[in-house]
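Trainee:
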Amino acid sequence: MRQEEPGGGEPSGREPESPGRNRRTDRRQEERTADTKSEKFQKAQEKADRAGEKLHTAREKLDKAQARQAAKKPPGLARKAVRGARAEAWFYVHNKIHQVEQENVGVEGAHKSELAAEGAARRLTRYARRRCREHPARRVAKWERKERNARASLDFQKMAAEHPELASSPLSRIQQKWKLKRKYAKEAKAAARQSAKTAKKAASATGSAAKRAGQFAARHPVGGLLLLLLFVVFAVFASASSLFTTIGGGISNAVSGTSYASEDDDLLGADEDYSAMEWELSQTVANIENDHPGYDEYRYSVDEIGHNPYELASYLSAKYHVYTREQVQADLREIFEAQYELTLTEEVEIRYRTETSTDPETGETTSEEVPYEYYILNVTLTNRTLPAVILQRLDEQQKEIYTIMQELKGNKPYLWEGIYTEGGAPGPSYEIPGEALSDPSFAALMAEATKYIGYPYVWGGSSPSTSFDCSGFVCWVYTASGVHNLPRTTAQGIYNQCAIIPSSEAKPGDIIFFTGTYDSGVPVSHVGIYVGGGMMLHCGDPIQYANINSSYWQSHFYAFGRL
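Numbering that gives the first Met the number 0 numbers the first residue of the sequence shown as 0 and each following residue consecutively.
1. Considering only residues of the same chain and omitting the five flanking positions on each side of residue 315, which have a CB-CB separation below 6 Å?
2. Determine the DSSP secondary structure at residue 521, reduced to helix, strand or coil.
3. DSSP beta-bridge partners for residue 353?
4. Please report the straight-line C-alpha distance between residue 395 and residue 529, rounded to a whole angstrom.
5. Can you check whether the C-beta of residue 381 is within less than 7 Å of a C-beta belonging to chain D?
6. Roughly how many whole angstroms lie between the Cα atoms of residue 182 and residue 56?
7. Could you give the distance in angstroms between the alpha-carbon of residue 342 and the alpha-carbon of residue 290?
8. I need the straight-line Cα distance from residue 539 to residue 453, nearest angstrom please.
9. If you count every other CB in all the chains shown that lies within 10 Å of the CB of residue 484, and 16 or more means buried, which is it?
10. Determine, using beta carbons only, whether residue 145 and residue 50 come nearer to each other than 7 Å.
11. With respect to the alpha helix (DSSP H) encompassing residue 332, which residues constitute its N-terminal and C-terminal limits?
12. Between the alpha carbons of residue 380 and residue 339, how many angstroms are there, rounded?
13. Helix, strand or coil for residue 429, going by three-state DSSP, please let me know.
14. Among the residues of its own chain, which have a CB less than 7 Å from the CB of residue 390, if the five just before and after it don't count?
15. Name the residue from 560, 157, 41, 292 whose alpha carbon lies nearest to the alpha carbon of residue 495.
16. So, for residue 478: in the same chain, excluding its five sequence neighbours on each side, which residues have a beta-carbon less than 6 Å away from its beta-carbon?
17. Is the beta carbon of residue 553 sitting closer than 7 Å to the one on residue 521?
18. Which of the three DSSP states is assigned to residue 322 in this structure?
19. Where residue 43 and residue 400 are concerned, what is the direct C-alpha to C-alpha distance, given to the nearest angstrom?
20. Do you know how far the Cα of residue 58 is from the Cα of residue 64?
21. Kindly indicate the opening and closing residues of the alpha helix (DSSP H) around residue 554.
22. Using 7 Å as the threshold, is the C-beta distance between residue 366 and residue 353 below it?
23. For residue 293, count neighbouring C-beta atoms within 10 Å of its own C-beta (all shown protein chains included) and say buried if the count is 16 or more, exposed if not.
24. Taking all protein chains shown into account, decide if residue 282 is buried (16 or more other Cβ within 10 angstroms of its Cβ) or exposed.
25. At 4 residues or longer, what runs of the alpha helix (DSSP H) sit wholly inside the stretch 474-538?
26. Could you spell out where the beta strand (DSSP E) holding residue 543 opens and where it closes?
27. Using DSSP bridges, identify the partner residues of residue 299.
28. Closest to residue 260 by CA distance: which of 295, 524, 319 is it?
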């Protein structure tokens with residue numbers, strides 16, 4: 000049975016609220032309200048500060064733009080003459096078309112369409128220029144508006160903290176903010192009017208000075224004429240000085256733009272680093288059989304290893320203008336890995352060998368073909384050539400700079416003199432003796448080789464379609480003539496396949512080797528075909544005859560070889 004509480008009512012299940020609890024709840028509510036107001040005030044303060052900073056930055060940019068505009072010189076006589084000539088040419092062409100279009104409706108329609116298109120293009124160009132010119136001023140106006148709004152919001156938060164009744168309703172908040180914005184807008188207009196008055200006073204002062212100058216000229220015509228003449232002389236002298244300065248600057252810029260701007264040590268050092276990577280690659284190829292032993296045969300198809308140092312320096316200068324040796328290391332590695340590709344491929348052939356056996360009872364000997372595996376390692380080194388790699392890494396403007404620097408050797412031809420040529424001098428003319436051509440093999444060799452006299456030297460080139468380098472030329476001539484199958488390889492690779500003979504036994508058709516003509520990383524750096532009489536035919540620059548008894552070739556002579 001349920002007992003009733005005193006007073007006859009049902010039990011409520013909760014305790015009645017006390018005055019202390021009500022006070023705590025009100026205090027927490029007030030604290031939350033205060034925190035919200037503080038957060039709104041802080042956000043308004045940050046927004047106002049940010050808008051002020053943006054406005055300050057925009058005004059600085061506007062001041063700089065106005066200063067640049069004021070510093071611009073009016074077009075000189077040369078520019079005016081060019082503009083006038085261009086306009087005259089335009090009018091002449093269109094007048095001629097206008098004369099023709101009177102007789103041809105089609106020409107008239109096309110001419111009008113052309114004029115309309117040109118007018119639209121001019122309007123669009125003027126609009127784009129005006130927008131670019133007015134951009135700083137528009138940004139200032141934009142941030143002035145945002146800064147006024149942010150200040151109005153901040154001031155409202157300050158007022159609301161002191162007078163809570165102002166934020167009692169949304170309508171009251173909007174009204175107070177609107178009043179503050181109007182106040183700041185009026186202040187901005189007043190400041191603008193004051194600036195305009197100042198500018199007007201300055202213009203008035205300038206006008207007064209001009210008026211006084213005119214009155215002086217009227218009272219003293221001779222003196223005014225002399226002053227005008229002096230002014231004209233001064234202006235002509237200033238224009239001439241500016242013209243000479245411009246021409247001198249243009250010449251200086253032209254020379255600077257076609258020259259290697261880096262220090263010689265950095266130019267040479269970067270090239271040495273690239274040559275060092277090529278040396279490592281050549282050593283890798285040379286040690287293939289030691290590093291990969293156990294194969295029955297090693298087959299080589301190896302392109303020339305080497306590069307033109309002027310091509311590398313022109314590329315780096317076109318890309319960086321000024322560079323240091325350390326700065327371009329990553330770029331050198333990327334170029335090297337793109338230029339050279341070394342692949343090793345294992346091949347297995349099934350071959351047969353004859354094995355004999357004797358029957359111990361009958362003594363009869365029998366033979367049979369026994370299959371076995373013949374292991375071959377194919378070594379392929381592909382040289383894409385340096386120009387093919389670096390030109391892909393330059394934009395159009397950089398390619399133009401590269402081409403000019405390459406032609407002029409960066410105005411520093413002394414950096415890598417003597418590479419493959421005797422100072423770049425043309426080779427001597429030479430007529431092969433008839434008795435030498437009596438040898439059919441040598442005659443076939445020369446019939447093929449002389450086709451290419453005058454072809455330029457191209458690093459990595461190995462065919463008439465690309466032209467040749469030194470080893471590419473020798474390999475092509477021997478193979479294409481049918482004298483000897485000589486697959487593409489380096490000068491060192493050709494040397495490794497030859498029987499070395501003394502100079503006294505050399506005869507036409509033998510191969511002559513040289514060392515140290517450039518930093519190739521291997522003993523043999525250049526190769527040519529000996530044609531007798533102390534002469535060789537080789538791929539210098541261009542393919543030409545050369546006297547092997549000259550001081551240059553004697554200083555680099557290495558050996559004679561015979562295939």
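We put the CB at the ideal spot given by N, CA and C, even for glycine. It should be emphasised that the depicted structure is a prediction, and the values quoted were computed from it without experimental measurement.
Mentor: The short version:
1. The residue you call residue 315 lines up with position 316 of the sequence shown. Correct list, in chain order: 322, 327.
2. Taking the first residue of the sequence shown as position 1, residue 521 is located at position 522. Here residue 521 sits in coil by DSSP.
3. One-based indexing of the sequence shown puts residue 353 at position 354. According to DSSP, residue 353 bridges with 368.
4. The residue you call residue 395 lines up with position 396 of the sequence shown. The residue you call residue 529 lines up with position 530 of the sequence shown. So the two alpha carbons sit approximately 44 Å from each other.
5. Among the chains in the structure shown there is no chain D, since it carries only a single protein chain.
6. The count along the sequence shown starts at 1 and reaches residue 182 at position 183. The count along the sequence shown starts at 1 and reaches residue 56 at position 57. About 24 Å.
7. Residue numbering aside, residue 342 sits at position 343 when the sequence shown is read from its first letter. Residue numbering aside, residue 290 sits at position 291 when the sequence shown is read from its first letter. For residue 342 and residue 290, the distance between alpha carbons rounds to 14 Å.
8. Position 540 of the sequence shown holds residue 539. Position 454 of the sequence shown holds residue 453. Looking at the two C-alpha atoms, the distance is approximately 10 Å.
9. Position 485 of the sequence shown, counted from the first residue, corresponds to residue 484. Exposed, since its Cβ has fewer than 16 Cβ neighbours within 10 Å.
10. Working through the sequence shown from its first residue, we reach residue 145 at position 146. Working through the sequence shown from its first residue, we reach residue 50 at position 51. A contact, by the Cβ cut-off of 7 Å.
11. Position 333 of the sequence shown, counted from the first residue, corresponds to residue 332. Note, residue 332: alpha helix (DSSP H), 328-338.
12. Here residue 380 corresponds to residue number 381 of the sequence shown, with the count starting at 1. Here residue 339 corresponds to residue number 340 of the sequence shown, with the count starting at 1. Going from the Cα of residue 380 to the Cα of residue 339 covers about 7 Å.
13. As a position in the sequence shown, residue 429 is number 430, starting the count at 1. Coil, per DSSP.
14. Stepping through the sequence shown from its first residue, residue 390 is reached at position 391. Contacts found: 398.
15. Position 496 of the sequence shown, counting from 1, holds the residue named residue 495. Closest by alpha carbon: 560.
16. Stepping through the sequence shown from its first residue, residue 478 is reached at position 479. Cβ neighbours of residue 478 beyond the five flanking positions: 484, 485.
17. Position 554 of the sequence shown, counted from the start, is the residue given in the question as residue 553. Position 522 of the sequence shown, counted from the start, is the residue given in the question as residue 521. Contact flag unset, no.
18. Start at 1 with the first residue of the sequence shown, and residue 322 comes out as number 323. It is coil, neither helix nor strand.
19. Taking the first residue of the sequence shown as 1, we reach residue 43 at position 44. Taking the first residue of the sequence shown as 1, we reach residue 400 at position 401. Taking the straight line joining both Cα atoms gives about 54 Å.
20. Against the sequence shown, residue 64 aligns to sequence position 65. Against the sequence shown, residue 58 aligns to sequence position 59. Taking the straight line joining both Cα atoms gives about 10 Å.
21. Here residue 554 corresponds to residue number 555 of the sequence shown, with the count starting at 1. Run containing residue 554: 550-555, per the alpha helix (DSSP H) assignment.
22. The residue you call residue 366 lines up with position 367 of the sequence shown. The residue you call residue 353 lines up with position 354 of the sequence shown. Contact: yes.
23. As a first step, residue 293 is located in the sequence shown; it is residue number 294 there, counting from the start. Under this definition residue 293 is an exposed residue.
24. Residue mapping note: residue 282 aligns to position 283 of the sequence shown, counting from 1. Looking at its Cβ environment, which holds fewer than 16 other Cβ atoms inside 10 Å, residue 282 is exposed.
25. 490-496
26. Translated into the one-based positions of the sequence shown, residue 543 becomes position 544. Residues 542-546.
27. In the sequence shown, counting from the first residue as 1, residue 299 sits at position 300. DSSP, once it has assigned bridges, lists 378 as partnering residue 299.
28. As a working mapping, residue 260 is identified with position 261 in the sequence shown. The shortest C-alpha separation from residue 260 is found at 319.
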